[in-house]
Amino acid sequence: KKKKKKELALAAALGFKYFAMRLIMLLLITRWHRIFGLFPTRLRLTRKETLLKSVNNRGYAFGSALSPVELSVNESAVGVAKYARESGGLGPVRKWDNLVHLLRGSAPYIELHQNSIMVIHVSSELNDSEFQNAMNDIATLHVLGVKIVLVASVRSQVQIRLDDQEQIFVRGMRVTGSDELKAVQAEAGIARSRIEAALARGLGSSGLIGRTGGRNRVGVDVVSSNGFFVARPIGVLDGIDLGATGAVRSVESTKVLRHLDNREIVLFTPLGYSASGDTYNVRTEEIAAKAAPALRASKLIFLTDGHELVFNKQHDTSLCCRRVQSLRLDDAKRLVQYKQNLLSQQGKEKKAAAAQLIDLCDWSVKALQRGVVRAHLVPPSQGSLLQELYTRDGAGTLIASDIYEGIRTAKPEDLDSILALIAPLEQDGTLIQRPRDQLRTDIAAGCYYVIAREQLPIACAMLKRLDSHGKAAELGCLVVDSQYRNLAKGDALLSYLERVAIANKITHLFALSTRTMQWFIERGFEEVDFESLPSDRRNSYDTSRMPKIYRKTLRSDRHVDLEECFWTTRSSYEADSYSSTESLSSSSASWLFDQQQSRAISQQEKIGFNSVVPETGQNEKSAALKEDDLCGDGQVEIR
Ligand SMILES: CC(C)(COP(=O)(O)OP(=O)(O)OC[C@H]1O[C@@H](n2cnc3c(N)ncnc32)[C@H](O)[C@@H]1OP(=O)(O)O)[C@@H](O)C(=O)NCCC(=O)NCCS
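Heads up, the sequence shown is in the UniProt record's numbering, so the first residue is 1 and it goes up one at a time.
As structure tokens, then:
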């Protein structure tokens, strides 16, 4: 019995040894390259991986183009909603619990906004606590080095004062008789005193009285003057004399800038004066929208009465309405037209609720067309101004000028121009030699983008999906014509492609480069090792050139916004786009305005704008022109 047991154990041991040897042999055959570390790549995929890949490939193909994304916002998807005062607004309000995280996140914004000029329009409809919150935020902005121009509206206070009298409005403007003018003068004085008192506390709410902490000093100096802008009468409109209702004739920017350089907050009220000594009641929105470009402000901010732009319920799957975080200039223009048409068909009650916000959008558009790069619509919730300016998510809606002008996907007829751009760089080894057939196929597939000037590409770049999971993409073949370098064209193309990638849910953007490493690193890319490259791309890595691999983690549109803030404030960018506004004489200002208007009109034609706007007859067209005229666009002088 004992002998049998021994034989059985021996057989089992031999069997085990046999199987173990087979297993080791099998591993050596199939995985020898990994066991001995000869190649970093796996030559064969496991069955599970093969299966996964084939499943994923149904969705995304390696090397395919990203879906052409409409970066614009559909105007019919946007509505207007009143923010919930008790919850502090509709937008995502971050918990301010992680101070270190918060300060680090805000640091780039603090640097960016230091010494920049911001024109802030304060709605007349803020309640006491909202007003005090706004003033506290403004005092904080002042301490953080922002040069502030405040424009205070007193519309609702004047309305209350004149409640028992019949008011006449023409095209949304109050006819200002002597009673109305007295009411505006009284309310402008009160508003000025209220603002001066609130800002005299400085950062009083934080327990620090005065700028230096001394108890005898006023916190923030506020100056107001009869000479910051010159007004002119609007005159007779639609057969009605508007009396002392005026428009901005010129902004005295030199005077204003002197005070701003002196660390004072400049205050505008609706009262404007003409050279003949007459007093006028001017719309504060107009003052803000004209002062901002005249002062070359980096931002025009409208602190609203609490209404926000939100995505309509039927277009938004989230439980609560989602705030529209950002709009491009073209989107804002279309939205204003669309809403104004809708509002003109609606009853007076509904109209009043949304019209004001749309009006602010309209003034923002006008300011952007005159050279301001960014406008913001911010509700007056606790800390909303600071949140909008110093956090990534913001608290309002940002309207940005069109920095992507001329960028589009390349067409087959662009092939020759693209070849002319890349061929010299292929010859000197900066770019990899691209087979022409491959280039043609990629262009046809929508992988190439160009910046076109007068229809001719002056820059190009390629954007391709890089892995079968759809999370990584490669940016390549980025070339700007040597005549157009250092004008932020490369930055514009990169920003645009980042937005396309984000809209396609790409989280990592790769760039392979032999000589342009510093340019990518300065734009948030970091060098990564070969293993970080998606496996699909590793197989086609060019071992003869050995380009370095850079990767950028894409976060959100607002993050791209922040980067855009930096390069759009670079002097080279300004020199390219807006240098003509620096020393604007009235004639060149109107020339610039005409150029922008005709560009805007051709843009509207391009997007089929006429189908949205009802047919206008000749008379209506001239009325529209008159309206522009009375706004003084194109006529305002900058001194
Ligand atoms: C790299 C390139 C696309 C940048 O385009 P651009 O429109 O001139 O760049 P921007 O205006 O946005 O930026 C200009 C800044 O980038 C810097 N820059 C330009 N080329 C650079 C390079 N190769 N390395 C490091 N920095 C560079 C400029 O000095 C300038 O810096 P500054 O603002 O501090 O003066 C352009 O120089 C180019 O076409 N280069 C040749 C092709 C190439 O190398 N492509 C990348 C391979 S994928």
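Ideal Cβ positions, reconstructed from N, Cα and C, are used throughout, including at glycine. Computed from a prediction, not measured in an experiment: that's the story for all the values here.
Q. Does ligand 1 have even one heavy atom less than 8 Å from the beta-carbon of D491?
A. yes
(Q) Could you tell me the alpha carbon to alpha carbon distance between I521 and S67, rounded to whole angstroms? (A) 27 Å
Q: Say whether chain C places a C-beta atom closer than 9 Å to the C-beta of Y109.
A: The chain inventory of the structure shown lacks chain C, comprising one protein chain alone.
Q: Return helix, strand or coil for L43, following the three-state DSSP convention.
A: Confidence is the limiting factor: at L43 the pLDDT is only 41, short of 50, which leaves the residue's position unreliable, though a coordinate-based value still follows. Coil at L43, not helix or strand.
Q.
For a test of the three-state rule: what should DSSP assign to A152, helix, strand or coil?
A. strand
Q) Would the beta-carbon of T568 be found less than 8 Å away from any heavy atom of ligand 1? A) no
Q. For ligand 1, is there a heavy atom less than 8 Å away from the beta-carbon of Q483?
A. no
Q. What is the rounded straight-line gap between the Cα of R370 and the Cα of R545?
A. 47 Å
(Q) On a Cα-Cα basis, can you pick out the residue from E426, R283, T397, I451 that is closest to R174? (A) R283
Q) With respect to the beta strand (DSSP E) encompassing C477, which residues constitute its N-terminal and C-terminal limits? A) 472-480
Q: Check whether the Cβ atoms of N226 and Y273 sit closer than 9 Å, and answer yes or no.
A: yes
Q. Residue ranges of each alpha helix (DSSP H) run of no fewer than 4 residues wholly in the stretch 212-273, ordered along the chain?
A. 253-261
Q. Out of curiosity, what's the CA-to-CA distance linking G386 and S556?
A. Position check: residue 386 holds Leu in this sequence, whereas Gly was assumed. Going by the C-alpha atoms only, they are around 19 Å apart.
**Q.** Buried versus exposed call for A191 [16 or more other C-beta atoms within 10 Å across all chains shown]
**A.** buried
Q: Within the same chain, show all residues whose beta-carbon is closer than 8 Å to that of V336, passing over the 5 residues directly before and after it, in chain order.
A: I358, C361, D362, V365
Q) So, D221 versus E264, is the Cβ gap smaller than 9 Å? A) yes
Q: Assign K1 to one of three DSSP states: helix, strand, or coil.
A: coil
Q: Provide the residue span of the beta strand (DSSP E) that contains A461, from first to last.
A: 456-465
Q) What is the DSSP secondary structure of G145, reduced to helix, strand or coil? A) coil
Q | Residue nearest to A488 in terms of C-alpha spacing, selected from T543, L28, A459 | A | A459
Q.
Spatial neighbours of S224 within its chain, please: C-beta separation below 6 Å, excluding the five flanking residues on both sides.
A. R192, L267
Q) In terms of residues, what are the limits of the alpha helix (DSSP H) holding S381? A) S381 -> no alpha helix (DSSP H), and no H or E assigned at all.
Q.
Restricting to Cα atoms, I'd like to know which of L144, G396, A186 is closest to S153.
A. A186
Q. Measuring from the CB of V479, is there a heavy atom of ligand 1 at a distance below 8 Å?
A. yes
Q. What number of angstroms, rounded off, separates the C-alpha of F510 from the C-alpha of R258?
A. 47 Å
(Q) Short of 7 Å in beta carbon distance, which residues of its chain neighbour V55, apart from the five on each side in sequence? Order them along the chain. (A) At V55 the pLDDT is 40, less than 50, meaning the model places this residue with poor confidence and gives no usable figure here.
(Q) Would you call the stretch 150-168 in contact with the stretch 117-130, where contact means no fewer than 3 C-beta pairs closer than 8 Å? (A) yes
Q. Within 10 angstroms of its Cβ, does Q356 collect 16 or more other Cβ (buried), or is it exposed?
A. buried
Q. Any chance the CB of E527 is under 8 Å from a heavy atom of ligand 1?
A. no
Q.
Assess contact between the stretch 389-408 and the stretch 492-499, defined as three or more Cβ pairs (one per stretch) separated by less than 8 Å. Is contact present?
A. yes
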